[in-house]
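The block underneath contains the structure these notes are about, expressed in structure tokens.
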Amino acid sequence: MTGRIVIDDIRPRTSEPGFAAKAIVGEAVPVRAVIFKDGHDVLAARVQLFVEGRSTPESEAPLLAGPNDAWTGRIVADRIGRHQLVVQAWTDRHASWSKRVLAKLDAAQDVSVEIAEGRELLASVAPLPGGARRPELEAAQRALADERLPDVDRLRPALTRAVADALTGPDGSPDLTVAPPRPLWVDRERALVGAWYELFPRSHGGFKGAEERVAEVAAMGFDVLYVPPIHPIGTTERKGRDNTLVAGPDDPGSPWAIGSAEGGHTSIHPGLGSVEDFSHFRETVEACGMELALDYALQCSPDHPWVHEHPEWFHHRPDGSIAYAENPPKKYQDIYPINFWPARDEDRVALWQACRDILEHWIGLGVEIFRVDNPHTKPVAFWEWLIPAVQSRHPRVVFLAEAFTRPRVMEKLAEIGFSQSYTYFTWRTARDGEEGLWAYMEELTAGRAADFFRPNFWPNTPDILSGPLRHGPPAAFALRYVLAATLSPSYGVYSGFELYENEPASEANEEYLGSEKYEIKHRDFDRPGTLAPLMTRVNEIRRRHPALQRLRNLQLLPTDNPAVFAYAKLSDDGSDALLVAVTLDPYTPQGSLVHVDPSALGLPGDRPYPLVDLLSGEHYEWEGRQGFVRFEPQRRVAHIFDLRSQPPVRATAVLP
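Next up, the structure:
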């Protein structure tokens, strides 16, 4: 039943109460609730955070009243794992009493009843440990009892902040109301913050050959090195270059056609190296300050051992043959999808446990991040079981969902446990409209799923070359990179992005011409004029500025030109503030006024304020509620303004 005090519309939350909202260790999590009560009493409220199974709160914070009975605050979690978030509200006895007293004094009315109530209120305060009384309370009680004093003087000591503080909290309140607890899963920081880089080890000669590239990627400031499936590849129906149906003798096949006579999901392709080579590769990645992410693709080639050992785990046609994967008109003859819901319960249990054992195998080899291939093509119930089953034993494990699918499906996968997800950013290239960046960022940072859906922005993937990148100039890659890396705490790029690889397979096909999925690619990363210097500088800025390490702190800023996109970000404590402006036009010069609210950004409203462009090192000065930016794509595509720091900044070329 509803308590004496109504506590409603609590956030963070998921759409279903059994699933957990998300936070990371050290994050100031915004908490909101609608709280009200009949009558005119003054209310107080707080939020407490409990580690699940414990009765003592890990932390607590006050909630402050705002317009329309909306109460807000922030709370910080200190450890990884499942928590319970509890909102409490009660009548603030001192504030309610003070409100009545002051109203009657202002109206020159009799306050004798209020004086008596005040004496009872102060007498109800428990003594300090050891039985000592608080001196401010004793002084207030003496004054209230002294009938020789005028009413104002009798009341004044009891109306002080010190007395109010002594009565803070719900102790003694007759109407303390506690809302049902809300689950909150707290991850390590990498679940929210990280710069990802994807490469194919086989294009570098295997694990040993890729180690040199690892150091170069780390030097650009990336946090996560993600590699596609490293398992044996089937030969039956192997795809050739550009996804042709006939493979040549030297065609390596798609890494996602997993499994051969050499093993399945827990085996390593012999062309990449041994288990020892893999372990050394992972150690090299970690020695360079990054983490290794593996692809978790639950599908099989026709040669996978499971096909012969467990035919009941696959879909069969009426003629008894196993069906290959199809997404009409697309056909994937080299891949068998798994049937995650076999007719017999015992087969389903065995299959699900085998899929869990794959993760346990790689976790045992030191991997704690998994990019999950096409999770939306598997039952949601499977992920609802698998992810908690793994994280209960390994709470540091992070799952990235590669689910380019319908919005509600993507949200549900996040709700049931995925740490983060790919997004539609890849196709959001305009500022305005229902599918523009403005509306999309409002949805991601403040919409219904913002409490549990964490975006990971990828301008490109091995499957997707879209928008201005198709046949695009270097400026297209630069502007998309800055947007991805500053709008979202997590973003990633696929190898070759810094070389401006821009040739699509066809006008109707989003894949790359000469896709690395089907052939070995040899790239010259040392050639002059790459995007690597800008990428390095942006990652330096990301690491030094906490404002870029949060999602829900985004402030979108209006501009007069739809080809210019602007926004600001503030750190949890407000000490770090950045203003970013980016052109959306990679071909022609663009300029615009950017409209700001100085008070919302901690800036003076009555005098000029300096801005330092962290990309170029240039200093600017704005005043009031607007400033001007101009972009020439061959020279500059973005500003990242520091609104707090004044020292000179080392100049860096924005474009080569």
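Counting in my numbering, the sequence shown runs from 16 upward without gaps. Where is the CB? At the ideal position from N, CA and C, for every residue including glycine. Quick caveat: nothing in here was measured; it's all calculated off a predicted structure.
Outcome for residue i when other beta-carbon atoms lying within 10 angstroms are tallied against a minimum of 16
{"i": "L260", "result": "exposed"}
{"i": "R148", "result": "exposed"}
{"i": "Y582", "result": "buried"}
{"i": "S590", "result": "exposed"}
{"i": "K345", "result": "exposed"}
{"i": "A155", "result": "buried"}
{"i": "L159", "result": "buried"}
{"i": "D23", "result": "exposed"}
{"i": "Y437", "result": "buried"}
{"i": "H537", "result": "exposed"}
{"i": "I535", "result": "exposed"}
{"i": "P662", "result": "Note on P662: pLDDT 45, under 50, position unreliable in the model; the coordinate value appears next. The residue in question, P662, is exposed, as its Cβ has fewer than 16 Cβ neighbours within 10 Å."}
{"i": "H219", "result": "buried"}
{"i": "H246", "result": "buried"}
{"i": "F433", "result": "buried"}
{"i": "P671", "result": "Confidence at P671 is low in this model, with a pLDDT of 37, below 50, so the placement of that residue is unreliable and no value is reported for it."}
{"i": "D318", "result": "buried"}
{"i": "V126", "result": "buried"}
{"i": "H331", "result": "exposed"}
{"i": "S275", "result": "buried"}
{"i": "L309", "result": "buried"}
{"i": "H6", "result": "Limits of the chain in this structure are 16 at one end and 671 at the other, which puts residue 6 out of reach."}
{"i": "E518", "result": "exposed"}
{"i": "E361", "result": "exposed"}
Cβ neighbours of residue i in the same chain (closer than 8 Å, five flanking residues each side left out)
{"i": "V669", "result": "Residue confidence for V669 is low, a pLDDT of 42 falling below 50, so the modelled location carries little weight; the figure read from the coordinates is stated next. Closer than 8 Å at Cβ, skipping near neighbours: A493, L549, L630, S631, R650, R651, V652 and A653."}
{"i": "P357", "result": "E327, W328, R363 and L366"}
{"i": "L152", "result": "L137, V140, V178 and A181"}
{"i": "V664", "result": "Here V664 scores only 43 on pLDDT, less than 50, and its place in the model is too uncertain to base an answer on."}
Span of the beta strand (DSSP E) around residue i
{"i": "L401", "result": "Element bounds for L401: not the beta strand (DSSP E) but the alpha helix (DSSP H), V395 to Q406."}
{"i": "T574", "result": "Run containing T574: none; DSSP gives neither H nor E here."}
{"i": "R89", "result": "A85 to V91"}
{"i": "S74", "result": "S74 to A80"}
{"i": "F646", "result": "Q641 to F646"}
{"i": "L608", "result": "Q605 to H610"}
{"i": "H55", "result": "It is not in any beta strand (DSSP E) - H55 carries neither H nor E in the DSSP assignment."}
{"i": "N475", "result": "Here N475 belongs to no beta strand (DSSP E), and DSSP marks it neither H nor E."}
{"i": "A418", "result": "Segment: none, A418 is in no beta strand (DSSP E) and carries neither H nor E."}
{"i": "G507", "result": "S505 to Y509"}
{"i": "P519", "result": "P519 to S521"}
{"i": "L307", "result": "E306 to Y311"}
{"i": "K346", "result": "K345 to Y347"}
{"i": "R26", "result": "V21 to R26"}
Close beta carbons around residue i, own chain, < 7 Å, minus the five adjacent residues each side
{"i": "A666", "result": "With a pLDDT of 40 at A666, under the threshold of 50, the modelled position of that residue is not reliable, and the figure given next carries that caveat. Result list for A666: S631 and G632, in chain order."}
{"i": "V290", "result": "I283"}
{"i": "W453", "result": "R446, D447 and L571"}
{"i": "R89", "result": "A43, V44, P45, V46 and A76"}
{"i": "T281", "result": "I373 and H376"}
{"i": "A464", "result": "E426 and A429"}
{"i": "L191", "result": "Q103, W105 and P185"}
{"i": "R28", "result": "A36, R197 and D466"}
Below-8 Å beta-carbon distance, residue i vs any chain C residue
{"i": "E31", "result": "No chain C is part of this structure, which consists of one protein chain only."}
Nearest-angstrom Cβ-Cβ length linking residue i and residue j, presumed shorter than 8 Å
{"i": "C370", "j": "L313", "result": "6 Å"}
{"i": "R558", "j": "G304", "result": "Contact doesn't hold; Cβ gap of about 10 Å is too wide."}
{"i": "P613", "j": "R645", "result": "Contact doesn't hold; Cβ gap of about 22 Å is too wide."}
{"i": "V405", "j": "L374", "result": "5 Å"}
{"i": "V62", "j": "D84", "result": "16 Å between Cβ atoms; not a contact."}
{"i": "D478", "j": "E526", "result": "6 Å"}
{"i": "S316", "j": "I378", "result": "With a Cβ gap of about 24 Å, S316 and I378 do not count as contacting."}
{"i": "E252", "j": "D349", "result": "5 Å"}
Limits of the alpha helix (DSSP H) - the one that residue i falls within
{"i": "I130", "result": "S127 to A138"}
{"i": "G96", "result": "Careful: G96 lies outside any alpha helix (DSSP H), inside the beta strand (DSSP E) at G96 to T106."}
{"i": "Y455", "result": "L452 to A461"}
{"i": "T501", "result": "P489 to L502"}
{"i": "P320", "result": "P320 to E324"}
{"i": "S294", "result": "V290 to A302"}
{"i": "P548", "result": "A547 to R559"}
{"i": "E361", "result": "D360 to G379"}
Contacts around residue i, its chain only, beta-carbon distance under 6 Å, and the 5 residues preceding and following it disregarded
{"i": "T476", "result": "Y509"}
{"i": "F296", "result": "F222"}
{"i": "Y635", "result": "L626"}
{"i": "Y515", "result": "P489 and F492"}
{"i": "F512", "result": "N475"}
Where are the beta strand (DSSP E) runs, 3 residues long or more, that stay fully inside the stretch 420–450, in chain order?
Taking only runs of at least 3 residues, the beta strand (DSSP E) segments lying wholly in the stretch 420–450 are 435–437.
Inside the stretch 146–227 only - alpha helix (DSSP H) runs reaching at least 4 residues:
Taking only runs of at least 4 residues, the alpha helix (DSSP H) segments lying wholly in the stretch 146–227 are 150–160, 166–170 and 176–181.
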